[in-house]
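A.B. asks: Which chain is which? The protein sequence lines are B and C, in order. Residue numbers are given in the working numbering: position 44 of the first sequence equals residue 44, and the series is strictly consecutive. Residue numbers are given in the working numbering: position 191 of the second sequence equals residue 500, and the series is strictly consecutive. Just so you know, even glycine gets a beta-carbon here, dropped at the ideal spot from N, CA and C. Sharing a structure with you now.
2 protein chains.
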Amino acid sequence: MKFEVTILGSNSALPTTKRFPTAQVLNVLERFFLIDCGEGTQIQMKRFRLPMSRINHVLISHMHGDHIFGLIGLLSTFALQGRKSDLHIYGHSKLEKLIRFQLELLETKLDYEIFYHTIFGTNIQTLFEDDSLIVQSFPLKHGAMPCAGFLFKEKERLRTLKSDMLSFYNIPIKNRHGIKQGDDFICDDGEVIPNDKLTKDAPKVRSYAFCTDTAYLPKIVPIIAGVDLLYHEATFLKTEEKRAKKTYHSTAEQAGKIAAEAKVKKLLIGHFSARFDDLKEHLEEAKNIFPNTALAEDGKIFSVELDRD
Amino acid sequence: MKFEVTILGSNSALPTTKRFPTAQVLNVLERFFLIDCGEGTQIQMKRFRLPMSRINHVLISHMHGDHIFGLIGLLSTFALQGRKSDLHIYGHSKLEKLIRFQLELLETKLDYEIFYHTIFGTNIQTLFEDDSLIVQSFPLKHGAMPCAGFLFKEKERLRTLKSDMLSFYNIPIKNRHGIKQGDDFICDDGEVIPNDKLTKDAPKVRSYAFCTDTAYLPKIVPIIAGVDLLYHEATFLKTEEKRAKKTYHSTAEQAGKIAAEAKVKKLLIGHFSARFDDLKEHLEEAKNIFPNTALAEDGKIFSVELDRD
Numbered sequence: 001m002k003f004e005v006t007i008l009g010s011n012s013a014l015p016t017t018k019r020f021p022t023a024q025v026l027n028v029l030e031r032f033f034l035i036d037c038g039e040g041t042q043i044q045m046k047r048f049r050l051p052m053s054r055i056n057h058v059l060i061s062h063m064h065g066d067h068i069f070g071l072i073g074l075l076s077t078f079a080l081q082g083r084k085s086d087l088h089i090y091g092h093s094k095l096e097k098l099i100r101f102q103l104e105l106l107e108t109k110l111d112y113e114i115f116y117h118t119i120f121g122t123n124i125q126t127l128f129e130d131d132s133l134i135v136q137s138f139p140l141k142h143g144a145m146p147c148a149g150f151l152f153k154e155k156e157r158l159r160t161l162k163s164d165m166l167s168f169y170n171i172p173i174k175n176r177h178g179i180k181q182g183d184d185f186i187c188d189d190g191e192v193i194p195n196d197k198l199t200k201d202a203p204k205v206r207s208y209a210f211c212t213d214t215a216y217l218p219k220i221v222p223i224i225a226g227v228d229l230l231y232h233e234a235t236f237l238k239t240e241e242k243r244a245k246k247t248y249h250s251t252a253e254q255a256g257k258i259a260a261e262a263k264v265k266k267l268l269i270g271h272f273s274a275r276f277d278d279l280k281e282h283l284e285e286a287k288n289i290f291p292n293t294a295l296a297e298d299g300k301i302f303s304v305e306l307d308r309d
Numbered sequence: 310m311k312f313e314v315t316i317l318g319s320n321s322a323l324p325t326t327k328r329f330p331t332a333q334v335l336n337v338l339e340r341f342f343l344i345d346c347g348e349g350t351q352i353q354m355k356r357f358r359l360p361m362s363r364i365n366h367v368l369i370s371h372m373h374g375d376h377i378f379g380l381i382g383l384l385s386t387f388a389l390q391g392r393k394s395d396l397h398i399y400g401h402s403k404l405e406k407l408i409r410f411q412l413e414l415l416e417t418k419l420d421y422e423i424f425y426h427t428i429f430g431t432n433i434q435t436l437f438e439d440d441s442l443i444v445q446s447f448p449l450k451h452g453a454m455p456c457a458g459f460l461f462k463e464k465e466r467l468r469t470l471k472s473d474m475l476s477f478y479n480i481p482i483k484n485r486h487g488i489k490q491g492d493d494f495i496c497d498d499g500e501v502i503p504n505d506k507l508t509k510d511a512p513k514v515r516s517y518a519f520c521t522d523t524a525y526l527p528k529i530v531p532i533i534a535g536v537d538l539l540y541h542e543a544t545f546l547k548t549e550e551k552r553a554k555k556t557y558h559s560t561a562e563q564a565g566k567i568a569a570e571a572k573v574k575k576l577l578i579g580h581f582s583a584r585f586d587d588l589k590e591h592l593e594e595a596k597n598i599f600p601n602t603a604l605a606e607d608g609k610i611f612s613v614e615l616d617r618d
């Protein structure tokens with residue numbers, strides 16, 4: 001019952017040998033979502049042993065090179081590996097143009113189909129939904145460049161049956177779905193077994209929000225409120241707040257503020273400028289505002305466990 | 310007086326964590342030529358401490374992704390670094406289309422100019438020439454895909470002056486160029502000092518040939534005859550000769566044969582299939598035919614020293 005994110009790249013525009021440009025894989029119950037795809041993403045997926053062929057959904061926040069230049073290589077590798085399963089790509093309408101142009105010019109033959117889903121970027125938009133998960137995008141603030149944040153949220157689960165009590169009361173299978181939904185059970189002799197004797201609370205829904213690239217943007221707080229994990233960019237330190245504002249990026253302190261205001265459980269900061277070799281100051285600065293902060297460095301895995309309170 | 314090639318990527322289409330796709334930097338007398346530019350090239354240049362900003366010439370052998378997908382990232386990085394100096398790109402006419410489309414769609418602002426030079430691919434073609442170096446392309450055989458090999462050759466140098474003899478005979482500066490070209494010197498008293506007393510032989514010209522991707526193609530032998538270093542692809546082992554032929558690649562043995570027939574000084578083999586973790590067999594197979602063979606693995610540097618015989 002995994003819900004975990006693996007960081008493939010944590011740097012901003014200029015990659016370093018230690019930190020590749022932005023890319024992450026979120027594993028939700030063995031469904032794998034690739035979020036952004038900077039140059040070298042496919043190499044990082046091999047390095048960190050992620051099952052490349054099981055990526056069925058790729059979400060791209062915006063059309064800056066450090067978030068997309070690994071995509072054409074990944075698609076070509078899928079083709080060489082004989083991929084057959086559909087691939088869904090979510091991003092700005094230009095992304096479809098970019099990929100189609102490249103595949104056509106290079107005469108790349110795909111045995112799989114790509115479905116392009118346009119992120120319009122003006123409102124909250126549902127990108128993907130099934131019985132157990134919903135994925136939405138919401139607008140960030142990155143100057144003239146439309147940029148989307150992403151919110152992954154499990155859906156409410158039904159209550160969990162207590163298997164020992166089911167067999168004790170010999171409850172027929174046909175009644176079980178109702179009991180999961182909260183029904184009591186009435187025995188043949190009329191005795192009513194209250195639901196809380198037969199079930200326990202469902203695990204809490206888990207959630208992840210991904211916010212990069214963006215200037216400090218308090219209006220995202222209600223959207224990401226209470227998430228278990230928040231990835232927020234922290235390109236700069238507080239000493240460069242002006243530069244952050246000018247380039248529509250955030251400081252580590254601002255990332256901490258957003259996390260604190262949104263009352264998230266844990267903050268991951270990333271998208272570091274290549275000028276910083278050591279990231280201790282970023283971590284300290286964010287922790288001063290929001291103590292439960294971690295550096296989202298390449299290769300790190302952050303999990304959210306199932307929790308029934 | 311360097312003449313050395315640094316291997317940035319030695320793998321074929323699918324990269325591994327150890328071996329990136331094809332890219333090399335040739336340093337000829339502190340002029341830096343980038344040859345092919347697979348995904349991750351800019352990261353490898355940082356890893357192996359090559360001066361990225363001094364790349365003024367990029368040569369692309371053919372339009373397969375594993376030889377080009379790093380280029381747009383490199384051009385963008387140049388832009389971010391504030392590059393001003395011209396960049397010359399040599400390749401198939403589609404390469405210009407690909408780059409122009411991407412730069413335009415992504416609205417990448419360059420403060421430097423790109424000059425595109427089309428490789429026509431049917432004949433030997435001079436791509437670059439100055440006082441001391443000539444760079445030519447020649448056609449390889451890679452199925453329907455036009456593919457160019459590259460030959461880098463220093464030009465003949467003038468003879469080297471013996472400085473002690475120049476001062477001994479007190480030879481005026483105005484005479485020195487003629488003496489370098491082979492003139493004798495006539496002293497004021499009429500004594501003739503023969504040229505070989507004043508000069509020694511110039512160092513021999515150095516040369517490098519780059520041949521990938523290609524099927525076994527003996528007709529390149531006269532073109533690359535006698536080069537100091539030959540890089541030749543060896544995607545497969547002899548046991549897969551049929552597959553090599555079908556996919557227009559070479560085996561390690563065939564690379565060895567070309568080296569032997571062309572009487573080169575040293576053979577470097579590369580463009581290995583990702584299926585091979587260990588490359589001992591490739592090396593052995595090529596060495597059986599041409600003993601002075603080395604594996605062109607990522608990060609290795611191969612130099613040609615100045616030699617006066």
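If you check the beta carbons only, do L229 of chain B and M1 of chain B fall under 8 Å apart?
C.D. replies: No. Outside cutoff.
A.B. asks: Less than 8 Å between C-beta atoms, sequence neighbours within five positions excluded: which residues of the same chain meet that for H282 of chain B?
C.D. replies: Counting only Cβ-Cβ distances below 8 Å, and skipping sequence neighbours, we find A234, L237, A252, I269, F272, F276, L295.
A.B. asks: Taking A322 of chain C as the query, report the chain B residues whose CB atoms sit under 7 Å from its CB, ordered along the chain.
C.D. replies: In chain order: L80.
A.B. asks: Is DSSP giving H451 of chain C helix, strand or coil here?
C.D. replies: In the structure shown, H451 of chain C sits in coil (DSSP, three-state: anything other than H, G, I, E or B).
A.B. asks: If I measure Cβ to Cβ from M145 of chain B and keep anything under 6 Å in the same chain, skipping five residues before and after, which residues do I get?
C.D. replies: Cβ within range, chain order: H62.
A.B. asks: Which residues in the same chain as K566 of chain C place their Cβ atom closer than 6 Å to its Cβ, once the five residues preceding and following it in sequence are excluded?
C.D. replies: Excluding sequence neighbours, K566 of chain C sits near I598.
A.B. asks: So if I threshold CB-CB distances at 8 Å, which residues from the segment 41–64 of chain B count as touching chain C?
C.D. replies: Answer set for the segment 41–64 of chain B: Q42, I43, K46, R47, M63, H64.
A.B. asks: With three or more C-beta pairs closer than 8 Å as the rule, is the segment 17–30 of chain B touching the segment 180–199 of chain B?
C.D. replies: Because the criterion of three Cβ pairs below 8 Å is not met, the segment 180–199 of chain B and the segment 17–30 of chain B do not touch.
A.B. asks: Are the Cβ atoms of I60 of chain B and I72 of chain B separated by less than 8 Å?
C.D. replies: No, the pair does not count as a contact, with Cβ atoms beyond the cut-off.
A.B. asks: Identify whether A457 of chain C lies in helix, strand or coil by the three-state DSSP scheme.
C.D. replies: Strand at A457 of chain C.
A.B. asks: What are the residues of the segment 98–113 of chain B that lie near chain C, defined by any Cβ-Cβ distance shorter than 8 Å?
C.D. replies: Listed in sequence order: L98, F101, Q102, L105, L106, T108.
A.B. asks: If T17 of chain B sits next to F48 of chain B, beta carbons under 8 Å apart, how far is it from one beta carbon to the other, in whole angstroms?
C.D. replies: The pair is not a contact, with the Cβ atoms about 16 Å apart (cut-off 8 Å).
A.B. asks: Tell me whether the beta-carbon of N56 of chain B lies closer than 8 Å to the beta-carbon of A274 of chain B.
C.D. replies: No, the pair does not count as a contact, with Cβ atoms beyond the cut-off.
A.B. asks: Determine whether the beta carbon atoms of Q351 of chain C and L383 of chain C lie at a separation below 8 Å.
C.D. replies: Against a cut-off of 8 Å, the Cβ pair of L383 of chain C and Q351 of chain C comes out as a contact.
A.B. asks: Taking 8 Å as the threshold (beta carbon to beta carbon), is E233 of chain B in contact with chain C?
C.D. replies: Chain C, which has no Cβ nearer than 8 Å to the Cβ of E233 of chain B, makes this no.
A.B. asks: Can you tell me whether DSSP reads V221 of chain B as helix, strand or coil?
C.D. replies: Reduced to three states, the DSSP call for V221 of chain B is helix.
A.B. asks: Excluding the five sequence neighbours on either side, which residues of its own chain have a C-beta within less than 6 Å of the C-beta of A23 of chain B, listed in chain order?
C.D. replies: Once the five neighbours on either side are set aside, the close Cβ partners of A23 of chain B are L8, G9, D36, C37, G38, T41.
A.B. asks: Here's the rule I'm using: 16 or more other beta-carbon atoms within 10 Å means buried, otherwise exposed. How should V192 of chain B be labelled?
C.D. replies: Exposed, by the Cβ-count rule.
A.B. asks: Counting along the chain, where does the beta strand (DSSP E) carrying N484 of chain C start and finish?
C.D. replies: Note, N484 of chain C: premise wrong, no beta strand (DSSP E); alpha helix (DSSP H) at 482–489.
A.B. asks: I443 of chain C and K462 of chain C look like a contact to me (Cβ under 8 Å); what is the Cβ gap, rounded to whole Å?
C.D. replies: I443 of chain C to K462 of chain C, Cβ: 5 Å. Contact.
A.B. asks: If we count the other Cβ atoms within 10 Å of its Cβ and call it buried at 16 or more, is R363 of chain C buried or exposed?
C.D. replies: R363 of chain C is exposed by the Cβ-count criterion.
A.B. asks: So which residues on chain C does F69 of chain B lean against when the C-beta distance must stay under 7 Å?
C.D. replies: Here the neighbours are I381, G382.
A.B. asks: Mark C456 of chain C as exposed unless 16 or more other C-beta atoms lie within 10 angstroms of its C-beta, in which case mark it buried.
C.D. replies: Buried, by the Cβ-count rule.
A.B. asks: According to DSSP, which residues form a beta bridge with H232 of chain B?
C.D. replies: DSSP output for H232 of chain B lists B:C211, B:I269 as bridge partner(s).
A.B. asks: By the DSSP assignment, the alpha helix (DSSP H) with D196 of chain B in it spans what residues?
C.D. replies: Run containing D196 of chain B: 195–198, per the alpha helix (DSSP H) assignment.
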